[in-house]
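Reading through the structure tokens given below for one structure.
Numbering (the working numbering), first residue to last: 8 to 204.
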């Protein structure tokens, strides 16, 4: 009995940290299991699907990255719980905005109702998309959908690197993309610690 309890206590959670670009983790101090997908929904889907197929014992996918903010007064790190594929628009054929045709309940993927909302699209957002969102990125909806398919727990944190439609967004992104790493690493350590209890 004591031996069994020791095994449970010493169990290590199987997780992977997923980012689009390696330099989004620039300055991270720990040695974490990471996956670099490349930019965009197709690359994110391809890389994470391949990874989960080869690593079926994965329990948690933790996505971190930068995102464009919608509200100039909202800054820093956001925990994302709702994901929308905002490139999809087949309303002319009678579908809801952002609904994938012939799929039910695909306008959004919700992993945590307390989290913020991220729209995902295959372009660098310079105008705020239709509908309600807090940030816009290029991968997280795809990652959330893959995790839903595989039954893997998904967590996502986005650091607001630029404000959509304001200033020089490209320069802001370049200047700010590494600023959230320390906050992300702190959150990741806490999650790993809690999951391994």
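For glycine and all other residues, C-beta sits at the position ideal for the given N, C-alpha and C.
Look at the Cβ atom of residue i, then the Cβ atom of residue j, and state whether they are nearer than 8 Å.
i, j, result
"residue 122", "residue 86", "yes"
"residue 31", "residue 71", "yes"
Exposed or buried, what is residue i when buried is set at 16 or more other beta-carbons lying within 10 Å of its beta-carbon?
i, result
"residue 95", "buried"
"residue 181", "exposed"
"residue 161", "buried"
"residue 141", "buried"
"residue 54", "buried"
"residue 119", "exposed"
"residue 148", "buried"
"residue 187", "buried"
"residue 191", "buried"
"residue 195", "buried"
"residue 3", "Given a span of 8 to 204 for the chain in the structure shown, any question on residue 3 remains unanswerable."
Since residue i contacts residue j with CB under 8 Å, what's their CB separation in whole angstroms?
i, j, result
"residue 107", "residue 92", "7 Å"
"residue 133", "residue 176", "6 Å"
"residue 159", "residue 24", "Wrong, their Cβ atoms sit about 13 Å apart, outside the cutoff."
"residue 164", "residue 84", "6 Å"
"residue 60", "residue 43", "With a Cβ gap of about 17 Å, residue 60 and residue 43 do not count as contacting."
"residue 65", "residue 21", "5 Å"
"residue 146", "residue 27", "5 Å"
"residue 128", "residue 117", "Contact doesn't hold; Cβ gap of about 18 Å is too wide."
"residue 76", "residue 167", "4 Å"
Is residue i close to chain B, meaning its C-beta is less than 8 Å from at least one C-beta of that chain?
i, result
"residue 59", "Of the protein chains in this structure there is only one, and it is not chain B."
contact_flag[the region 118–135, the region 86–95] where n(CB pairs < 8 Å) is 3 or more: Yes, they touch.
Uninterrupted beta strand (DSSP E) stretches inside the region 106–171 (no shorter than 3 residues): Fully enclosed beta strand (DSSP E) runs of 3 or longer: 123–127, 142–144, 160–170.
The region 38–48 touching the region 172–180, judged by at least three CB pairs closer than 8 Å: Judged by Cβ distances under 8 Å, the region 38–48 makes no contact with the region 172–180, as fewer than three pairs qualify.
Segments assigned alpha helix (DSSP H), at least 4 residues, entirely inside the region 35–99: Qualifying alpha helix (DSSP H) stretches, in chain order: 48–61.
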